[in-house]
Amino acid sequence: MSESFKAIGKVVSNLKVGAKIPPNGYEGKIHVFEEFEAGLTGIENNSFLVIVALFGNPSDKPLLVYPRGDFSLPQTGVFSLRSPVRPNPIALDTVELIKRERNILTVSGLDFYDETPILDIKSYSPFNEILLSASQEKSFIFTKFNTQERRELLTGFVKRSLGGISQDASKAIEFFLKLIDKDVVIRSKKTRYKVRGSLKFLEAAILISGATLHSGRLEYEFDKSNSIEIIPPSR
Numbered sequence: 001m002s003e004s005f006k007a008i009g010k011v012v013s014n015l016k017v018g019a020k021i022p023p024n025g026y027e028g029k030i031h032v033f034e035e036f037e038a039g040l041t042g043i044e045n046n047s048f049l050v051i052v053a054l055f056g057n058p059s060d061k062p063l064l065v066y067p068r069g070d071f072s073l074p075q076t077g078v079f080s081l082r083s084p085v086r087p088n089p090i091a092l093d094t095v096e097l098i099k100r101e102r103n104i105l106t107v108s109g110l111d112f113y114d115e116t117p118i119l120d121i122k123s124y125s126p127f128n129e130i131l132l133s134a135s136q137e138k139s140f141i142f143t144k145f146n147t148q149e150r151r152e153l154l155t156g157f158v159k160r161s162l163g164g165i166s167q168d169a170s171k172a173i174e175f176f177l178k179l180i181d182k183d184v185v186i187r188s189k190k191t192r193y194k195v196r197g198s199l200k201f202l203e204a205a206i207l208i209s210g211a212t213l214h215s216g217r218l219e220y221e222f223d224k225s226n227s228i229e230i231i232p233p234s235r
């Protein structure tokens, strides 16, 4: 079966193909072609959007790739990764809508290069898309990032998800950076936590780890210590 798509717009930014995209993306513009402008009616009601884009179409489309191009890692199937090299080079990106000016959307968190064709724009639905307890037994998202880049990634994630960031949330991030440096898979179902601290500290810890009180992966005590411990596996 062969299908054809018609782009509804494109990315307009200063970030050209080959440049390094920041861990949390960047602020740029999406120009929606005028014939599709009516489809933007009411889009200001959404703080976040899901952007569907089309990558380049390389002739080589392996189904097994090295995660994030790191040859020290085992080859992994493209359907279990967010690799840009896919049988159908379609990509998704969740961005924050800053403003709309007619057919031009200014967004932050953009993960696409200048001139990337846009296939679709969807509203981000908090009731459909948030899966707080989602787990991963292996994660390659931090691969090839240094500690500062990992800090920026987690800080941006917490800030966007919680609507801001506090000193206590920043402290939680530092705890998880230390765990990541020790090769702890922080969102594994097998990783359980003892969290002590403020509610803002707890909020950030739950968000980053995916460990919730309901899942049994997290124990919590309210105090001023702001600390996180790994609970050893039960025998």
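So that you can map any letter, position 12 of the sequence shown is 12 in full-length UniProt numbering, and since no number is skipped, the others follow by simple counting. Heads up, the beta-carbon is just placed ideally off N, CA and C, and yes, glycines get one too. Keep in mind that this is a model prediction, so the values were computed, not measured.
4 or more residues per run - each alpha helix (DSSP H) lying fully within the UniProt domain "TsaA-like" (5 to 133) | Within the UniProt domain "TsaA-like" (5 to 133), complete alpha helix (DSSP H) segments of at least 4 residues are found at 126 to 129, given in chain order.
Please name the residue or residues paired with residue 192 in a DSSP beta bridge.
-> Numbered from 1 along the sequence shown, position 192 holds the residue referred to as residue 192. Answer is 231.
Report buried or exposed for residue 213, applying the criterion of at least 16 other Cβ atoms within 10 angstroms of its Cβ.
-> Residue 213 sits at position 213 when you count from the first residue of the sequence shown. Burial call: exposed.
Where does residue 12 land, buried or exposed, given buried means 16+ other C-beta within 10 angstroms?
-> As a working note, residue 12 is residue 12 in the sequence shown. Classification of residue 12: exposed, given that the 10 Å Cβ count is below 16.
Whose C-beta lies closer than 8 Å to the C-beta of residue 185 among residues of the same chain, with five residues either side of it excluded?
-> Reading the sequence shown from its first residue, position 185 is the one you call residue 185. These residues qualify, in order along the chain: 136, 137, 138, 139, 191.
Whole-number beta carbon distance between residue 193 and residue 230, since they are thought to touch under 8 Å | The residue you call residue 230 lines up with position 230 of the sequence shown. The residue you call residue 193 lines up with position 193 of the sequence shown. With 8 Å as the limit, residue 230 and residue 193 qualify as a contact, their Cβ atoms being about 7 Å apart.
What's the gap between the Cα of residue 56 and the Cα of residue 89?
-> As a position in the sequence shown, residue 56 is number 56, starting the count at 1. As a position in the sequence shown, residue 89 is number 89, starting the count at 1. The straight-line gap from Cα to Cα measures roughly 7 Å.
Determine the DSSP secondary structure at residue 145, reduced to helix, strand or coil.
-> The residue labelled residue 145 in the question sits at position 145 within the sequence shown. Here residue 145 sits in coil by DSSP.
Other residues of its chain near residue 24: CB distance less than 7 Å, five sequence neighbours each side excluded | Position 24 of the sequence shown, counted from the start, is the residue given in the question as residue 24. Closer than 7 Å at Cβ, skipping near neighbours: 109, 152, 153, 156.
By Cβ distance below 8 Å, which residues in the same chain neighbour residue 177 in space, the five residues on each side in sequence not counted?
-> On the sequence shown, residue 177 is found 177 positions in, with the first residue counted as 1. Exclusion of the five residues before and after residue 177 leaves 147, 150, 151, 154 as the residues of its chain whose Cβ lies within less than 8 Å of its Cβ.
Residue 221 - partner residues in DSSP beta bridges = In the sequence shown, residue 221 corresponds to position 221, counting from 1. BP columns for residue 221 point to 196.
State yes or no: is the C-beta of residue 163 within less than 8 Å of the C-beta of residue 187?
-> Numbered from its first residue, the sequence shown carries residue 163 at position 163. Numbered from its first residue, the sequence shown carries residue 187 at position 187. Not closer than 8 Å, so no.
Could you check which residue in 199, 18, 144, 51 has the C-alpha nearest to that of residue 92?
-> The residue given as residue 92 occupies position 92 in the sequence shown. It is 51.
Roughly how many whole angstroms lie between the Cα atoms of residue 200 and residue 72?
-> If you number the sequence shown from 1, residue 200 lands on position 200. If you number the sequence shown from 1, residue 72 lands on position 72. Counting only the Cα atoms, residue 72 lies some 37 Å from residue 200.
So which of 160, 116, 26, 181 has the shortest CA-CA distance to residue 207?
-> On the sequence shown, position 207 is the one that residue 207 refers to. The option with the nearest alpha carbon to residue 207 is 160.
Range covered by the alpha helix (DSSP H) that runs through residue 137 | Here residue 137 refers to the residue found at position 137 of the sequence shown. Per DSSP, residue 137 belongs to no alpha helix (DSSP H) and is neither H nor E.
Nearest-angstrom beta carbon gap, residue 173 and residue 134 [assumed within contact, 8 Å] | As a first step, residue 134 must be located in the sequence shown, where it is residue number 134. As a first step, residue 173 must be located in the sequence shown, where it is residue number 173. Rounded to whole angstroms, the Cβ separation of residue 134 and residue 173 is 19 Å, and the two are not in contact under 8 Å.
What did DSSP end up calling residue 181 once you bin it into helix, strand or coil?
-> Residue mapping note: residue 181 aligns to position 181 of the sequence shown, counting from 1. Three-state DSSP puts residue 181 in a helix.
How many angstroms separate the CA atom of residue 221 from the CA atom of residue 215?
-> Translated into positions along the sequence shown, residue 221 becomes position 221. Translated into positions along the sequence shown, residue 215 becomes position 215. Linking residue 221 to residue 215 through their CA atoms gives a straight-line distance of about 16 Å.
Sort 127, 123, 168, 179 by Cα distance to residue 142 and report the nearest one.
-> Reading the sequence shown from its first residue, position 142 is the one you call residue 142. For the residues 127, 123, 168, 179, the minimum Cα distance to residue 142 belongs to 179.
May I ask you to report which of helix, strand or coil DSSP gives residue 150?
-> The count along the sequence shown starts at 1 and reaches residue 150 at position 150. The three-state reading of DSSP puts residue 150 in helix, counting H, G and I together.
Would you tell me roughly how many angstroms separate the C-alpha atoms of residue 223 and residue 101, rounded to the nearest one?
-> Counted from its first residue, the sequence shown places residue 223 at position 223. Counted from its first residue, the sequence shown places residue 101 at position 101. C-alpha of residue 223 to C-alpha of residue 101: approximately 47 Å in a straight line.
Around the Cβ of residue 198, are there at least 16 other Cβ atoms within 10 angstroms (buried) or fewer (exposed)?
-> The residue you call residue 198 lines up with position 198 of the sequence shown. Buried, because 16 or more other Cβ atoms sit within 10 Å of the Cβ of residue 198.
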